[in-house]
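*Asks:* After the structure tokens below, expect a handful of questions from me.
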Amino acid sequence: MQAKKKDIRALTKEQLRDFFVGNGDKAFRGNQVYEWLWSKGAHSFEDMTNVSKETRQMLQDNFVINHIKVDQMQRSSDGTIKNAVRLHDDLIVESVLIPTATRTTACVSSQVGCSLDCKFCATARLKRMRNLNPDEIYDQVVVIDNESRLYHGRPLSNIVFMGMGEPLMNYNNVLKAIEKITSPEGLGMSPRRIVVSTSGVPKMIKKLADDEVKFKLAVSLHSAIDEVRSTIMPFNEHFPLTDLREALEYWYAKTRRPITYEYVVWKDINDKRKDVDALVRFCKFAPSKVNLIEYNPIDDGEFQQASNEAIDMYTDILERNGITVTVRRSRGKDIDAACGQLANKK
Ligand code: SAH
Numbered sequence: 004m005q006a007k008k009k010d011i012r013a014l015t016k017e018q019l020r021d022f023f024v025g026n027g028d029k030a031f032r033g034n035q036v037y038e039w040l041w042s043k044g045a046h047s048f049e050d051m052t053n054v055s056k057e058t059r060q061m062l063q064d065n066f067v068i069n070h071i072k073v074d075q076m077q078r079s080s081d082g083t084i085k086n087a088v089r090l091h092d093d094l095i096v097e098s099v100l101i102p103t104a105t106r107t108t109a110c111v112s113s114q115v116g117c118s119l120d121c122k123f124c125a126t127a128r129l130k131r132m133r134n135l136n137p138d139e140i141y142d143q144v145v146v147i148d149n150e151s152r153l154y155h156g157r158p159l160s161n162i163v164f165m166g167m168g169e170p171l172m173n174y175n176n177v178l179k180a181i182e183k184i185t186s187p188e189g190l191g192m193s194p195r196r197i198v199v200s201t202s203g204v205p206k207m208i209k210k211l212a213d214d215e216v217k218f219k220l221a222v223s224l225h226s227a228i229d230e231v232r233s234t235i236m237p238f239n240e241h242f243p244l245t246d247l248r249e250a251l252e253y254w255y256a257k258t259r260r261p262i263t264y265e266y267v268v269w270k271d272i273n274d275k276r277k278d279v280d281a282l283v284r285f286c287k288f289a290p291s292k293v294n295l296i297e298y299n300p301i302d303d304g305e306f307q308q309a310s311n312e313a314i315d316m317y318t319d320i321l322e323r324n325g326i327t328v329t330v331r332r333s334r335g336k337d338i339d340a341a342c343g344q345l346a347n348k349k
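Quick note: the sequence shown uses this note's numbering, first residue 4, plus one each step.
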């Protein structure tokens with residue numbers, strides 16, 4: 004039986020050049036094929052028209068090009084698009100295009116399912132099946148860029164890693180994907196337009212700082228009180244707030260870039276004065292701003308969006324303490340495309 008063919012896009016440019024040299028061809032051929040695979044987005048070896056027929060056949064005999072396929076696309080009344088994409092092993096992940104007046108943002112997944120157990124998130128109910136490969140992450144961005152051009156007449160402007168999965172638990176592949184997205188040989192996007200959102204894995208946040216990444220960091224905080232955070236995000240038991248705080252101070256010391264805290268205010272969970280005061284204290288450890296996100300219900304009412312008075316209390320007190328705060332409305336709720344709603348419902 005023939006050995007399973009390798010995904011050619013798992014090779015680096017160097018490895019591809021070496022492959023050609025090893026087969027008695029020129030290293031330059033590796034550059035050509037690399038360009039077809041990444042900046043030109045070829046879906047088959049047949050597409051590579053400046054490569055000889057024999058070489059294309061030889062590639063065909065040795066490799067596959069595993070492209071994601073859009074299995075289902077849904078469009079919301081507010082212009083949001085949700086793609087259910089099928090991977091080469093038939094697993095499905097979701098990614099979302101979010102248009103506003105001035106930008107189009109892609110919200111991409113980093114894992115199939117999620118290894119964390121946030122009580123308020125629909126993705127947490129799916130078992131983590133596997134990490135996505137760099138090309139599977141990259142392809143989600145390409146698909147959304149094309150949809151943005153087609154439906155909104157402009158290219159994609161921003162990317163957020165806020166789809167399914169915990170990006171820092173698939174660290175290497177997420178960084179490799181971002182390298183491709185930002186490279187002139189890929190999409191040439193500025194890293195400043197990319198946000199990686201994490202539920203807060205201290206060791207990995209420090210690693211981001213050590214690796215001198217240029218994208219932005221967001222942390223899903225939701226509470227600055229350990230007992231509360233551990234109830235709604237049980238992994239907080241293993242990564243308590245003192246460790247998270249220390250990692251964020253380290254991030255700021257090294258990168259000089261502020262952190263965004265994502266925060267949902269829920270009725271009777273974190274809607275009291277003591278919760279706001281704890282958040283204000285936490286925000287002072289490293290320069291930061293707060294995004295208050297609207298809760299998107301996923302269940303039978305265990306979690307409920309806090310009252311407008313509670314949200315106003317948060318914004319007032321944060322602002323009085325000189326902390327920038329924005330209140331974010333949900334997008335794409337009618338198609339289950341909003342934060343925390345990605346659960347492969349069909
Ligand atoms: N694992 C990463 C990225 C995925 S979640 C992280 O935790 O940051 C993307 C954002 O949606 C996070 O801020 C998360 O806390 C939030 N979220 C999850 N479920 C939600 C829900 N039901 N309503 C609103 N936001 C939710």
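Ideal Cβ placement from N, Cα and C applies to all residues, glycine included.
Rounding to the nearest angstrom, what Cα-Cα distance links residue 133 and residue 233 in this structure?
*Replies:* Computed Cα separation, rounded: 25 Å.
*Asks:* DSSP three-state call for residue 136: helix, strand or coil?
*Replies:* Correct three-state label for residue 136: coil.
*Asks:* With C-beta atoms as the reference, is residue 288 less than 8 Å away from residue 252?
*Replies:* Contact: yes.
*Asks:* Are the beta-carbon atoms belonging to residue 194 and residue 217 less than 8 Å from one another?
*Replies:* Yes, they are a contact pair.
*Asks:* Counting only beta-carbon separations shorter than 8 Å, does residue 212 have a partner in chain C?
*Replies:* No chain C is part of this structure, which consists of one protein chain only.
*Asks:* With respect to the alpha helix (DSSP H) encompassing residue 233, which residues constitute its N-terminal and C-terminal limits?
*Replies:* Where residue 233 is concerned, the enclosing alpha helix (DSSP H) stretches over 229–235.
*Asks:* May I have the straight-line CA-CA distance separating residue 79 from residue 205, to the nearest angstrom?
*Replies:* Approximately 36 Å, taken between the alpha carbons.
*Asks:* What runs of the beta strand (DSSP E), each 3 residues or longer, lie entirely inside the segment 208–263?
*Replies:* The segment 208–263 contains these whole beta strand (DSSP E) runs: 219–223.
*Asks:* So, at 7 Å on beta carbons, what are the nonlocal neighbours of residue 152 in its own chain, with the 5 sequence-adjacent residues on each side left out?
*Replies:* Here the set comprises 158.
*Asks:* Check for me: the beta strand (DSSP E) holding residue 85 runs from which residue to which?
*Replies:* Taken as a continuous stretch (DSSP letters only), the beta strand (DSSP E) holding residue 85 covers 84–89.
*Asks:* Where does residue 299 fall in DSSP's three states?
*Replies:* Reduced to three states, the DSSP call for residue 299 is coil.
*Asks:* From residue 72 to residue 96, what does the alpha carbon distance come to, in whole angstroms?
*Replies:* The alpha-carbon atoms of residue 72 and residue 96 are separated by roughly 11 Å.
*Asks:* List, from N- to C-terminal side, the alpha helix (DSSP H) runs of 4 residues or more that fit wholly inside the segment 275–348.
*Replies:* Here the runs fully enclosed are 276–286 and 311–323.
*Asks:* What did DSSP end up calling residue 21 once you bin it into helix, strand or coil?
*Replies:* Three-state result, residue 21: helix.
*Asks:* Using the three-state DSSP reduction, which class does residue 81 fall into: helix, strand or coil?
*Replies:* Residue 81: coil per DSSP, three-state reduction.
*Asks:* Here's the rule I'm using: 16 or more other beta-carbon atoms within 10 Å means buried, otherwise exposed. How should residue 70 be labelled?
*Replies:* Answer is buried; the Cβ neighbour count reaches 16.
*Asks:* Once the 5 residues before and after residue 75 are set aside, which same chain residues still bring their CB inside 6 Å of it?
*Replies:* If we look at residue 75 and ignore the five residues flanking it on each side, its Cβ neighbours are 87.
*Asks:* What did DSSP end up calling residue 104 once you bin it into helix, strand or coil?
*Replies:* DSSP places residue 104 in coil when its eight states are reduced to three.
*Asks:* Could you check the C-alpha separation between residue 66 and residue 43 for me, to the nearest Å?
*Replies:* Computed Cα separation, rounded: 18 Å.
*Asks:* Below 7 Å, is the gap between the Cβ of residue 249 and the nearest heavy atom of ligand 1?
*Replies:* No.
*Asks:* Taking only runs that begin and end inside the segment 15–74, name each unbroken beta strand (DSSP E) of 3 or more residues, in chain order.
*Replies:* Listed in chain order, nothing qualifies, since the segment 15–74 has no complete beta strand (DSSP E) run of 3 or more residues.
*Asks:* Taking Cβ to Cβ, would you say residue 277 is nearer than 8 Å to residue 309?
*Replies:* No; because the gap between Cβ atoms is not below 8 Å, this pair is not in contact.
*Asks:* Bridge partners of residue 9, per DSSP?
*Replies:* Answer by DSSP bridge pairing, in chain order: 66.
*Asks:* Taking the straight line between their C-alpha atoms, what separation do you get for residue 4 and residue 64?
*Replies:* Here the model assigns residue 4 a pLDDT of 46, short of 50, so the residue's position is not dependable and the matter cannot be decided.
*Asks:* Can you tell me whether residue 115 is helix, strand or coil according to DSSP?
*Replies:* It is a strand residue.
*Asks:* Let me check understanding here. Comparing Cα to Cα, which of 262, 280, 48 and 190 lies closest to residue 147?
*Replies:* With distances taken between Cα atoms, residue 147 lies closest to 190.
*Asks:* Where does residue 172 sit, in a helix, a strand or coil, going by DSSP?
*Replies:* In this structure, residue 172 counts as helix in the three-state DSSP scheme.
*Asks:* Across which residues does DSSP place residue 201 in a beta bridge pair?
*Replies:* Beta-bridge pairing links residue 201 to 222.
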